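Novice: Chains as they are written, first to last, in our numbering: chain R, 1 to 267; chain H, 1 to 405; chain P, 1 to 410.
Think of the CB as a built atom: it goes at the ideal place given N, C-alpha and C, for glycine as much as any other residue.
Only a predicted model underlies this, so the values are computations on that prediction, with no experimental measurement involved.
One structure follows; several queries about it will come next.
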Amino acid sequence: MSNYLKVVIILLLGSAQPSLALASLRPASPGMSATQIANRAEESLRGDQTVIQAQMTVRSPRLTQPRMIEFTSWDDRLGKRSFTRMEAPAKDKGTGFLKVHPNLWMYIPRVERTVRIPPSMMLQSWMGSDLTNDDLVRESSQTDDYDHRLLGIEDTVKNHPDREAYVVEYIPHEDTPVVWGKIIAWIDTERDVTLRQEFYDEDDVLIRTMQYQEIQPVEKRWVSHLWILTPEQKEGHETQVRIKRIEFDAEIDDTVFTKRNLKKGLR
Amino acid sequence: MLTLFRIALRNIGRNRRRTSILVVTVAIGLLGTTLSMSLLWGIEQQMIETATATDLGHLQIHATGYNADPKISRLLSDGGKEIDGLLDGEPSVQAYSHRIRSEGLVTSPKASVGLRILGVDAEREPEVSSIKNWIVEGDYLSGKRRESIVGRRLANRLGVQIGDKVIISAQDTQGNMTAESIRITGIFRSVSSDIDSGYLFINLDQSAHIFGTHEAISEIVVVMNERQSALPLQAKLSMNRPHLEVLRWDQLRPFIAFMMDTTQSVAASFYLVIFVAMAFGIANVMMMSIFDRVREIGVMLALGMSRTRLLLLIITEGVLVTIIGTAIGLALSLGIVGALSEGVDFSFYSAGFNDFGVGSRIVPLLKPEDFILPIAISMLTAFMASLWPALRAVQLQPAEATRHE
Amino acid sequence: MNSLEFRLAWRSLGRNPRRTGLTLAATSFAMMLVVNMTGLSNGSHEEMVENGVRMASGHLSLMAPDHLEERTLEQPLAWTQSLRTHLESVPDIKGFAPRMDAFALVSHEESAQGMLIRGSDPTRENTVSEIEDRLTTGRFLRQGESREIVLGQKGAQTLGVELGDQVLLYGMAYSLESAYELFTVVGLVRFPDAELERTLAFISLEDAQAFFVYADRVTEVAILAEDSYQVEDLQNRLTQTLSNGDLRVHTWQEVVPELDQIIAIDKGGMYLILLLLTVVVGFGILNTILMAVLERKREFGILLALGLKPSKIFKVVYLESLLLAGVGIVIGLAISIPMVLYLQAHPIPITGNAAEGISQLNIEVSITSKFRASNPIRSTLIMMGVAVVAAFYPALKASRGQPIDVVQNA
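Now the structure itself:
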């Protein structure tokens, strides 16, 4: 389900002080290039076929209490297709999303209708989160579309005081379709896992921060199991994704990515 | 007849004061009528321009079915070449330009907005729309890559300034979602809040790249020399090229056409009012001047001039004077309209106008056919207005007439 | 001004009824034209405004602060009983309609279209937008019925639906939940704007509030004033009585500036034409008076020969002309006001040349007049001004004659 990962990476960046001038920053020893570091961090999140079960929590000033969504998602990276099934809340249970490049379908069991989401609706928020439908289908690579610069090493990261991290600046290529002026990422020097990302606009104003918490080993990788996205200028907004289960090299049957499966409702 | 004419001329020359009053009345009447007409044309033109100069043009040519369901895949596949050839050979066409029109969304770090994306030929677009004139910040498109211009309202909503990067996401002709980064290089303010908040203009090449249209385009927008000639051209194109959808501005935006209809219906009643004012002025002065001459007429009758001849003489005089007045009035009105070719600025009238540039001027327009009606009416009026008092005057007994005060 | 001059002036008017009649005719007729022209101009502008605002948000629109710019559900306006009662109690409000506008995906089988969903109060919507006149088939929403939808003709075409079909609405509620519901198409409408006709749909306010989880809130309240002249006054009154910081009263000029622009161009032009008309009728009057004065050269010559001072003659002639103008204005008013009122009550419908497009839109275009108190007042001032200027030269002329010369020449 690298789509969701990407979405989160691209979109859900949160709050932190501008970090360039941190006193604890020290020069990195020559060895790995910034691009290599970035590559390894991205690879650690990727599998060819991924299954994720997750819970998303949305906080907003509109809501008296946070809204919770649970879903399972099957992603076939090479086949450019994915399938997502809602498990909670009760109202949305069984609702499915099928993406087979370039189309996105949705099935609503309660009214037994399949809807093809047209491009004009792609900007609609996905299930009320800070994610949009468009984010579900957009493809972008953090390694190919950015220039990387190693700013140094920090002995401690704000949300992971006990970890040492490379501080890497990602600058999107002029033709890369992302709005950020730059992204600063803290990548664990030992575990290749991204611990924190800060997203800036072109005027170096921090727009959002993503914190990766609860780093635990899965198969042979270190994976964050709690992602917290905090938009900087929207008071009271926060989106959290808690990974309940993640399987990187799953064998997903082709029948998963079909409209028939979509209409099956919750198995 | 020639003698009569000569006497009439001499009479006109002799009574300079009366003649000049009559001439002035006719000239002013004619001036007022033609100037009003030219203003009404100017207003109509200005209103339509204000309403259509955004992106409408006089004619739009699309592939069949486009207007019912404007999908990006409905394209003029040859890049409009065939139609270009036709348009180039049409003397009534002032300019035309190619566009790729689509929907998509634009994302900035702060917001995402769904909108219309118009890929335009940077060089030719200013000939068919006013977008270039509306730029208030930055520059109009130059044809370079990644340029875009947006309305002030949209820029505010996106929280972007000149030089900022935004992302366009849209569906291409194959149905794929594509995304492209561009920079805001110009900000405009138009008269339309819709255009200001919901349109993004980019270069045609950029559009072709984003939407994968290759050579194809989605629309040709045509501006005519005369708005009226849109109709015959539409008929011609529709007949010869049934695979095209050719629509006039008033079919594309019936609301504007409806506004125009309201104005025109009022304009019609204004013509009436002004013509009546002119006719009445001429008639009044003409009658006054002939009643003035009852004594003189009586003397001529007493000297043995025949009534018919006298009647003819008076009428000839009236008509001659009117001709002189008409000529002067026309010369004046041509002069004034010529002098006002820059337009009458009425921003004094509405403070908000200055912001919009084009909207604040009315350029009077005169067409040769506009003179026919005022001239005909002034002549007819002069004739009728001299006939009645003249008839009455010649019916008097000479003795009675000479005693007339 | 002493009474001798006044009496002289008055008597000389009566002595030559033909001359007086012609001059009177000139002034009263000019007055009539000015009054009617102003009436027509007012009538057409108000018709434009009326038709224009009915399609938009009425003469006035209540919105939460920033809603005019942002247009999202983030700026809710509380739709309370007290607001409703207040609007009902304000005089000069012809109608008002609460609306809840939000985007949703409308789909039917394989087709889908993003649309602006307008939640409207079925009993009130018509009082502002006359939406029922735009129906081509079916009916508008009905009070008490739920899950009904009215689509634009083009929207229905895009979706491939007919009356009685069900469409699925899918969107995001204000509560950030996904919202979906089936609605039955009960009516199709036409709009003068193709885009609007493709992408605007009506459901009942109650349904909309339930669907988008927006209970007791709306996005705007459109208000139609009895009279477009009261808009600013009404705006002030409403702002004062409703100002509690979370509500703005916008005029149609703020909501649809392009309509304002078009009308302003038209008005600007009409003023120029009125100016021209004034010049034309002014010269008409000037020349009529001048003729009349020249005709009386003999009389003035005798008066001068009898020792009357030129300044006296000037005064008498000037007074005569102004008297004539005054009477002419009164006559003109007496004739023209009923004309304006008649045309106001009986507009002449136009079957325009753009009728092809217009006729389907159910909009009535007509020549109509509108009576405003400002019209006779302003017209009177204009005509008095014209008379004061136009009578000056003839009066001067009359007082400048040579006594003997004049008598001989006549």
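Does the CB of V137/R have a neighbour CB from chain H at under 7 Å?
Specialist: Since pLDDT at V137/R reaches only 44, below the 50 mark, its modelled position is unreliable, and the value read off the structure follows with that caveat. Interface residue, yes.
Novice: Would D144/R count as contacting chain H if we go by Cβ distances under 7 Å?
Specialist: no
Novice: Taking C-alpha atoms, which residue in L86/H, N67/H, L22/H and H58/H lies nearest to R241/H?
Specialist: Per the Cα distances, L86/H.
Novice: Counting only runs of 3+ residues fully inside the region 18–71 of chain P, write out the beta strand (DSSP E) ranges in chain order.
Specialist: 60–63
Novice: Here's the rule I'm using: 16 or more other beta-carbon atoms within 10 Å means buried, otherwise exposed. How should L159/P be labelled?
Specialist: buried
Novice: Consider the Cβ of D75/R: report whether some Cβ of chain B lies at a distance smaller than 7 Å.
Specialist: No chain B is present in this structure, whose protein chains are R, H and P.
Novice: Within 7 Å (strictly less), CB to CB, does A23/R reach chain P?
Specialist: Low local confidence applies: a pLDDT of 40 at A23/R is under 50, so the model's placement there is unreliable, and no value is given.
Novice: How close, in whole Å, do the beta carbons of L176/P and L63/R come, if the pair is a contact with beta carbons under 8 Å?
Specialist: 6 Å
Novice: Output the boundary residues of the alpha helix (DSSP H) element that contains I265/P.
Specialist: P257 to E295
Novice: Between V157/R and the rest of its own chain, which residues show a CB-CB distance below 7 Å, the 5 nearest in sequence each way excluded?
Specialist: R163, A165, W186, L195 and R196
Novice: Considering only residues of the same chain and omitting the five flanking positions on each side of Q233/R, which have a CB-CB separation below 8 Å?
Specialist: I207
Novice: So for N283/R, helix, strand or coil by DSSP?
Specialist: Any property of residue 283/R remains undetermined from this structure, which presents chain R solely from 1 to 267.
Novice: In its own chain, which residues sit with a C-beta less than 6 Å from the C-beta of R221/R, not counting the 5 before and 5 after it?
Specialist: S44
Novice: So is N314/H buried or exposed if we call it buried at 16+ other beta carbons inside 10 Å?
Specialist: The residue asked about is misnamed: residue 314/H is Ile in this sequence, not Asn. The residue in question, I314/H, is buried, as its Cβ has 16 or more Cβ neighbours within 10 Å.
Novice: Mind checking who M106/R pairs with in its DSSP beta bridge?
Specialist: F97/R and V115/R
Novice: Just checking my contact of L33/P with V327/P at CB under 8 Å: how many whole Å lie between their CB atoms?
Specialist: Actually they do not touch by this definition, with Cβ atoms about 17 Å apart.
Novice: Could you tell me which chain H residues have their CB closer than 7 Å to the CB of I117/P, listed as they occur along the chain?
Specialist: Going along chain H, no residue has its Cβ under 7 Å from I117/P, so there is no contact; the nearest lies around 15 Å.
Novice: Looking only at its own chain, which residues have a Cβ that is under 8 Å from the Cβ of I413/H, when we skip the five neighbours before and after it?
Specialist: In this structure chain H extends from 1 to 405, so residue 413/H is not present and cannot be described.
Novice: Is DSSP giving Q411/P helix, strand or coil here?
Specialist: It is not possible to answer for residue 411/P, since the shown part of chain P is limited to 1 through 410.
Novice: In the region 135–159 of chain P, which residues sit with their C-beta less than 8 Å from some C-beta in chain H, listed in chain order?
Specialist: K154, Q157 and T158
Novice: Count Cβ pairs between the region 82–95 of chain P and the region 200–210 of chain P that sit closer than 8 Å; are there 3 or more?
Specialist: Judged by Cβ distances under 8 Å, the region 82–95 of chain P makes no contact with the region 200–210 of chain P, as fewer than three pairs qualify.
Novice: Below 8 Å on C-beta distance, what does M47/H contact in chain P?
Specialist: I262, I265 and D266
Novice: Using CA atoms only, rank isn't needed, just tell me which of S336/P, R248/P and E226/P is closest to N236/P.
Specialist: R248/P
Novice: How far does the beta strand (DSSP E) with N203/H in it reach, from first residue to last?
Specialist: Y199 to N203
Novice: Can you list, in chain order, the residues of its chain whose CB lies under 8 Å from that of L188/P, leaving out five sequence neighbours each side?
Specialist: L135, T136, T137, G138, V150, L151, G152, Q153, A156 and L163
Novice: Thinking just about the alpha-carbon of each residue, which of G29/H, L39/H and R17/H is nearest to the one in T322/H?
Specialist: G29/H
Novice: Could you give the distance in angstroms between the alpha-carbon of W388/H and the alpha-carbon of D88/H?
Specialist: 58 Å
Novice: Is L311/H near A390/H, with beta carbons less than 7 Å apart?
Specialist: Yes, they are a contact pair.
Novice: Starting from the C-beta of W74/R, find all residues in its chain whose C-beta is less than 6 Å away, skip the five residues before and the five after it, and write them out in chain order.
Specialist: V51, F83, I252 and V256
Novice: Which of the three DSSP states is assigned to V394/H in this structure?
Specialist: The DSSP-derived three-state label of V394/H is helix.
Novice: In terms of DSSP beta bridges, what is V222/H paired with?
Specialist: L59/H and Y96/H
Novice: Mind listing the chain P neighbours of L233/H? Cutoff is C-beta to C-beta under 8 Å, in chain order.
Specialist: In chain order: nothing, as chain P lies at least about 17 Å away.
Novice: Rounded to the nearest angstrom, what separates D101/P and R124/P at their Cα positions?
Specialist: 16 Å
Novice: Go to V90/P, then tell me how far its beta strand (DSSP E) extends in each direction, as first and last residue.
Specialist: Unbroken run through V90/P: none, as it is neither H nor E.
Novice: Cβ of V273/H less than 7 Å from any chain P Cβ?
Specialist: yes
Novice: With a 10 Å radius around its C-beta and 16 neighbouring C-beta atoms as the bar for buried, classify G144/P as buried or exposed.
Specialist: Under this definition G144/P is an exposed residue.
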